[in-house]
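Number of protein chains: 2
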Amino acid sequence: MAEKQNAWDRIVNQIRSALERQKYKEAVNTFLEPLLGDQVEVFNLLEDEEQALLLEHLNVGATADLFDRLEDSETLEAAESLSIERLADVLEEMQPDEAADLLGDLPPEQASQALEEMEDIEDVLPLLKFPDETAGGRMTTAYIAVRRHTTAEMTIEFLRQVQPDDEVPYYIFVIDPRGRLVGVIGLRELVVAKPEALIEQIMDTDVIHINAQEDQEIVAQVMVRHDLSALPVVDDENRLVGVITHDDILDVLAEEATEDVYRLASVGDAELEPESPVKEHLKARLPWLYLNTLTALMAAWVISNFEDIIAQVAVLAVFQSVVAGLGGNASSQTIALFIRSIALGKLPSKGVLGILGREVMVGLIQGIAVGMIVGLGVYLWRGNIYLALVLGAAIVGNLTIASLVGTLVPLVLRSLKQDPALASPVLVTAATDSLGFLIFLSLATYFLSKLK
Amino acid sequence: MAEKQNAWDRIVNQIRSALERQKYKEAVNTFLEPLLGDQVEVFNLLEDEEQALLLEHLNVGATADLFDRLEDSETLEAAESLSIERLADVLEEMQPDEAADLLGDLPPEQASQALEEMEDIEDVLPLLKFPDETAGGRMTTAYIAVRRHTTAEMTIEFLRQVQPDDEVPYYIFVIDPRGRLVGVIGLRELVVAKPEALIEQIMDTDVIHINAQEDQEIVAQVMVRHDLSALPVVDDENRLVGVITHDDILDVLAEEATEDVYRLASVGDAELEPESPVKEHLKARLPWLYLNTLTALMAAWVISNFEDIIAQVAVLAVFQSVVAGLGGNASSQTIALFIRSIALGKLPSKGVLGILGREVMVGLIQGIAVGMIVGLGVYLWRGNIYLALVLGAAIVGNLTIASLVGTLVPLVLRSLKQDPALASPVLVTAATDSLGFLIFLSLATYFLSKLK
């Protein structure tokens, strides 16, 4: 990849130099040389003003291709620098699903002006009514549909005439007079069929499909489960309204994965990147730190109840954080397992008690394994067997609690139809911290005379 | 999805009851009713002994289809219950890439016996030499290749004769006499081309391809960047050796995402699931807890140097954990951002200083925002302005350090060509914990007289 990176950097430098010398044509030609996927990388490496300058001189088709492939937030930024007329032209050339996303992201006034300027809005209009993260929001209206009494030969001739572009899926859908989905046929089956065969003879009537209102995470699960490269989308009357293609699903999977990672790390916006403006960092991260502040002060309040004990045996302050820290780490493990398992649609809804039991067993064994080691270490270090025992026992207790809480919170959230990934470690460690301190300091209070 | 789950449960119960009544044919027929993707879900819901019993009576083709779609570890488990003869038959029917994976996972003796029994190993043999997680390990050898002087019509006729199955990609590759990749043509272009057109006239010579030794994460990045549904794999002499298809890439993306989530949460095995045996949980999780034990004791050692201070002002023990906890949370945020950005191939290799600067700025601002609130809260609670100031200042310092260390560790790992995801929060929080305690307790020592 280092090679690639160097190639991109070289192209960026050439474009930059051409723009500086006001040789716009040269800049555009240099930009268009590499493949579209690489153009996207190069575009992202340019500064904002350079991007705007380049777009001013790029033709409509190339701009549309680029916009189709940029991240939504980057498309929005780039689009805002265009005039309304030009924006309308570009929107017409874009893939309908991407155009609809962009129209949805634009400020309402700019979007409605652009829509007014556009000549052909038939493809985009039906997509505007679905939220971005549903099947309807992800689908494209660029698909091929035929009727069941067509022959294979006629269908191929039809394809020759419409010359569908690269983004149209490799499937031909079959609809009845009311537009309801009744079958599907792969381009390959079409090609290898006898020319005079009727579509209804060669079509597959067992079409896996999805309702337009379904969440994109479910879309991804269905496509992965059935290894689909295209999934037809229907409305409540089973009428075909669009198709989700494999490239959309790649985006969905990447987004959902980032969301899981970020949730686990208390970052609230799946589109945040290291290069995002400081303001966006604060918006996505600071609220979680404030929540953490609250839970940390709660745990501090637990400790404050033992202040006089700590004043008598200051060594407790040395080791209380070991108990809490291990509990936090152990509960993160549990949460990660459940978040992924639920996200991939793998966690059975039955047998939950068995899974909970197993996880608590793991917590208990890990607690004993770690508690013994820490106890031994602390005995060797401080020479007080009671301190070692209290610490070891607190670790066993807290790691067991960590497994229990780390399992219960995502499961309960799921059964309440909430996103289990909301089970942020911040909330679960609130429990493990507070309870960890409580167990350790309570035990210490009980054995106080032996610890002094 | 609840609907689906119910349907699966109903089928599982029917199969279970048929197996109990030793009506094996009925069990098999019930199992084969739903679509393949659903069969996989149903199979996973059966107990181990039920799975073995069902497989005994399932025909070879259906078993092969099932094995193609199960997770690798589940395929292995199911395969081990088969006789060598039956296993060989199933392996021949499986997709070459999945068969090669299974052969690589089986115990060496069983694998070589099965290979001996197999009649046709031409497709599988070349795949055995590549590690699972490389392009070569992921590719299939089931693809269609033609020579440049063939016509469109001849190619379609060729397709009619070989009747490629569903797993063959929707692309036809063009090779020269030495087997080197020279072009590609989509099935759609083939269909819409004039029948007498030569392949070399309609093929695309700009073929995006990848070396068989490349890591699967790079494969995923290239396919996502260029929106590919199939990626040809070549050897060092540029000879076409296989193709990676869209369903493989979905698996790669899901695996890599799970790996990121697990790394962040200190779970060492991306295949671990809540239902995995306790032994596997311990193998994947306990080593990380031991590492955490070490870092926690290190932080405890830092505190132990301030024992006499804490004995004088026990309230310090109440608030030290607030400083450390916030630092740990903030550094997780930073690590998550960089792990994802690097995994998606988005982090530029240039301008690293700028990114570091921005992240430290975010840390500083978050430190001030949180430090002020905590300081205020603690002043209201305990009425000691010095305690509030010391605590607030320590938080500002520790959150800035969290951003700095959380950025540096993944970046340094990347520049050392190590996996940046090794920058486990365990290691980074070792720094934020120790330094957090150090800053807070040092400041407290300095202002000791004001805190008593």
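Just so you know, the sequences run in chain order U and S. Under this note's numbering, the first residue of the first sequence is numbered 16, with each subsequent residue one higher. Under this note's numbering, the first residue of the second sequence is numbered 16, with each subsequent residue one higher. Where a beta carbon is used, it is the ideal one built from N, C-alpha and C, also for glycine. Values in this document were obtained by computation on a predicted structure and should not be read as measured data.
Which residues in chain U have a C-beta closer than 8 Å to the C-beta of Pro210 of chain S? List them in chain order.
For the purposes of this step, residue 210 of chain S is taken as residue 195 along the second sequence, with counting starting at 1. Listed along the chain, the chain U residues whose CB falls inside 8 Å of the CB of Pro210 of chain S amount to none; the nearest CB is some 10 Å away.
Do you know whose CA, among S:Gly407, S:Thr444, S:Gly382, S:Ile357, lies nearest Gln433 of chain S's CA?
Indexing the second sequence from 1 puts residue 433 of chain S at position 418. Taking the Cα of Gln433 of chain S as reference, the smallest distance to any Cα among S:Gly407, S:Thr444, S:Gly382, S:Ile357 is reached at S:Ile357.
Can you tell me which residues form a DSSP beta bridge with Tyr186 of chain U?
Position 171 of the first sequence, counted from the first residue, corresponds to residue 186 of chain U. U:Gly201, per the DSSP bridge assignment.
Name the residue from U:Leu379, U:Gly369, U:Glu271, U:Lys467 whose alpha carbon lies nearest to the alpha carbon of Thr149 of chain U.
For the purposes of this step, residue 149 of chain U is taken as residue 134 along the first sequence, with counting starting at 1. Nearest of U:Leu379, U:Gly369, U:Glu271, U:Lys467 to Thr149 of chain U, Cα basis: U:Glu271.
Taking 8 Å as the cut-off, does the stretch 19-26 of chain S touch the stretch 441-449 of chain U (at least 3 CB pairs, one atom from each stretch)?
Cβ pair count under 8 Å is below three, so no.
Kindly give me the distance between the Cβ atoms of Val189 of chain S and Gly201 of chain S, rounded to whole angstroms, as I take these residues to be in contact under 8 Å.
Translated into positions along the second sequence, residue 189 of chain S becomes position 174. Translated into positions along the second sequence, residue 201 of chain S becomes position 186. Val189 of chain S to Gly201 of chain S, Cβ: 12 Å. No contact.
Listed by chain order, chain S residues near Arg240 of chain U by CB distance under 8 Å:
Position 225 of the first sequence, counted from the start, is the residue given in the question as residue 240 of chain U. Close partners of Arg240 of chain U in chain S (Cβ separation under 8 Å): Gly52, Asp53, Val55, Glu56.
Chain-ordered chain S contacts of His261 of chain U [CB-CB under 7 Å]:
Translated into positions along the first sequence, residue 261 of chain U becomes position 246. Here the neighbours are Ser244, His261.
Taking the beta carbon of His72 of chain U as the centre, do at least 16 other beta carbons fall within 10 Å, making it buried, or is it exposed?
For the purposes of this step, residue 72 of chain U is taken as the residue at position 57 of the first sequence. Counting C-beta atoms within 10 angstroms of its own C-beta, His72 of chain U has fewer than 16 neighbours from the protein chains shown and is therefore classed as exposed.
Cβ-Cβ distance between Gly152 of chain S and Glu108 of chain S below 9 Å:
Taking the second sequence and counting its residues from 1, the one referred to as residue 152 of chain S is at position 137. Taking the second sequence and counting its residues from 1, the one referred to as residue 108 of chain S is at position 93. In terms of Cβ geometry, Gly152 of chain S and Glu108 of chain S do not form a close pair [threshold 9 Å].
Tell me, please, whether the stretch 47-66 of chain U touches the stretch 228-236 of chain S by the rule of three or more beta-carbon pairs shorter than 8 Å.
Not touching, per the Cβ criterion.
Length of the line joining the Cα atoms of Leu297 of chain U and Leu404 of chain U
Along the first sequence, read from residue 1 onward, the residue named residue 297 of chain U stands at position 282. Along the first sequence, read from residue 1 onward, the residue named residue 404 of chain U stands at position 389. The C-alpha of Leu297 of chain U lies about 43 Å from the C-alpha of Leu404 of chain U.
Excluding sequence positions up to five away, which residues of its chain have a Cβ less than 7 Å from the Cβ of Gly390 of chain S?
Position 375 of the second sequence, counted from the first residue, corresponds to residue 390 of chain S. Take Gly390 of chain S, set aside five residues on each side of it, and the residues of its chain with a beta-carbon closer than 7 Å to its own are Ala403, Leu404, Leu406, Gly407, in chain order.
So, helix, strand or coil for Asn320 of chain U, using DSSP?
Stepping through the first sequence from its first residue, residue 320 of chain U is reached at position 305. Judged by DSSP in its simplified three-state form, Asn320 of chain U adopts coil rather than helix or strand.
Nearest CA to the CA of Ile411 of chain U: which residue from U:Leu304, U:Leu174, U:Leu359, U:Gly340?
Start at 1 with the first residue of the first sequence, and residue 411 of chain U comes out as number 396. Correcting the residue identity first, residue 411 of chain U is Val in this sequence and not Ile. Minimum Cα-Cα distance from Val411 of chain U among the listed residues U:Leu304, U:Leu174, U:Leu359, U:Gly340 corresponds to U:Gly340.
By the three-class DSSP mapping on this structure, what secondary structure does Ser457 of chain U have?
Here residue 457 of chain U refers to the residue found at position 442 when the first sequence is read from its first residue. Assigned with DSSP and collapsed to three states, Ser457 of chain U falls in helix.
Please list, in chain order, the chain U residues whose beta carbon lies closer than 7 Å to that of Glu374 of chain S.
Position 359 of the second sequence, counted from the first residue, corresponds to residue 374 of chain S. Residues of chain U passing the Cβ test: Pro289.
Tell me which same chain residues have a C-beta within less than 7 Å of the C-beta of Val377 of chain S, skipping the five on either side of it?
As a working note, residue 377 of chain S is residue 362 in the second sequence. Counting only Cβ-Cβ distances below 7 Å, and skipping sequence neighbours, we find Ser418.
Three-state class that DSSP yields for Val443 of chain U in the structure shown
Taking the first residue of the first sequence as position 1, residue 443 of chain U is located at position 428. Helix.
Could you tell me if Thr45 of chain S is buried or exposed, where buried requires 16 or more neighbouring beta carbons within 10 angstroms of its beta carbon?
In the second sequence, residue 45 of chain S corresponds to position 30, counting from 1. Around the Cβ of Thr45 of chain S, a 10 Å sphere holds 16 or more other Cβ atoms; the residue is buried.
If you run the structure through DSSP and keep just helix, strand and coil, what is Val282 of chain U?
The residue you call residue 282 of chain U lines up with position 267 of the first sequence. Looking at Val282 of chain U - three-state DSSP - the assignment turns out to be coil, as it is neither helix nor strand.
Do we get a CB-CB distance below 9 Å when we pair Leu419 of chain U with the residues of chain S?
Translated into the one-based positions of the first sequence, residue 419 of chain U becomes position 404. No, its Cβ sits nowhere closer than 9 Å to a Cβ of chain S.
Determine which residues of the stretch 339-358 of chain U have a Cβ less than 8 Å from any Cβ of chain S, and write them out in chain order.
The stretch 339-358 of chain U vs chain S, Cβ under 8 Å: Ala339, Gly340, Leu341, Gly343, Asn344, Ala345, Ser347, Gln348, Ile350, Ala351, Leu352, Phe353, Ile354, Arg355, Ser356.
Beta-carbon contacts of Pro302 of chain U that lie in its chain and below 7 Å, excluding the five residues immediately before and after
Position 287 of the first sequence, counted from the first residue, corresponds to residue 302 of chain U. For Pro302 of chain U, where only same-chain residues beyond five positions count, the Cβ hits under 7 Å are Gly283.
For Lys209 of chain U, which residues in the same chain have their Cβ closer than 8 Å to its Cβ, ignoring the five residues on either side in sequence?
Taking the first sequence and counting its residues from 1, one reaches residue 209 of chain U at position 194. Cβ neighbours of Lys209 of chain U within its own chain (closer than 8 Å, five residues either side excluded): Ala167.
Exposed unless 16 or more other CB atoms sit within 10 angstroms - verdict on His164 of chain U:
Within the first sequence, the letter at position 149 stands for residue 164 of chain U. Classified as exposed, His164 of chain U has fewer than 16 neighbouring CB atoms from the shown chains inside 10 Å of its CB.
With 16 other Cβ atoms within 10 Å as the buried cut-off, status of Arg162 of chain U:
Within the first sequence, residue 162 of chain U is the residue found at index 147, counting from 1. Per the 10 Å Cβ criterion, exposed.
Output yes or no for whether 9 Å exceeds the beta carbon distance between Ile259 of chain U and Phe452 of chain U.
Locating residue 259 of chain U in the first sequence gives position 244, counting from the first residue. Locating residue 452 of chain U in the first sequence gives position 437, counting from the first residue. No; because the gap between Cβ atoms is not below 9 Å, this pair is not in contact.
For the stretch 381-400 of chain U, which residues have a CB atom closer than 7 Å to at least one CB atom of chain S, in sequence order?
The stretch 381-400 of chain U vs chain S, Cβ under 7 Å: Gln381, Ala384, Val385, Ile388, Val389, Gly392.
Going residue by residue through the stretch 74-119 of chain U, where are the continuous alpha helix (DSSP H) segments of at least 4 residues, counting only ones entirely within it?
Unbroken alpha helix (DSSP H) runs of no fewer than 4 residues, entirely contained in the stretch 74-119 of chain U, are found at 75-84, 87-94, 99-108, following chain order.
Go through its chain and collect everything with a Cβ distance to Ser244 of chain S's Cβ below 6 Å, but skip five positions before and after it.
For this step, residue 244 of chain S is matched to residue 229 along the second sequence. These residues qualify, in order along the chain: His261.
Can you confirm whether the stretch 251-258 of chain U touches the stretch 328-345 of chain S when touching is taken to mean that 3 or more C-beta pairs between the two stretches lie within less than 8 Å?
They do not touch, by the three-pair rule.
I'd like to know if Pro363 of chain S contacts chain U, where contact means its C-beta is closer than 9 Å to some C-beta of that chain.
Within the second sequence, residue 363 of chain S is the residue found at index 348, counting from 1. Interface annotation, Pro363 of chain S: in contact with chain U, CB-CB separation under 9 Å.
Within 9 Å, strictly: CB atoms of Leu246 of chain U and His224 of chain U
Mapped onto the first sequence, residue 246 of chain U falls at position 231. Mapped onto the first sequence, residue 224 of chain U falls at position 209. A Cβ-Cβ contact shorter than 9 Å links Leu246 of chain U with His224 of chain U.
Got a sec: is the Cβ-Cβ distance from Pro273 of chain S to anything in chain U below 9 Å?
Position 258 of the second sequence, counted from the start, is the residue given in the question as residue 273 of chain S. Correcting the residue identity first, residue 273 of chain S is Thr in this sequence and not Pro. For Thr273 of chain S, the answer is yes, since a Cβ of chain U falls inside 9 Å of its Cβ.
CB contact below 9 Å: Phe462 of chain S versus chain U:
Here residue 462 of chain S refers to the residue found at position 447 of the second sequence. Output row for Phe462 of chain S: interface = no.
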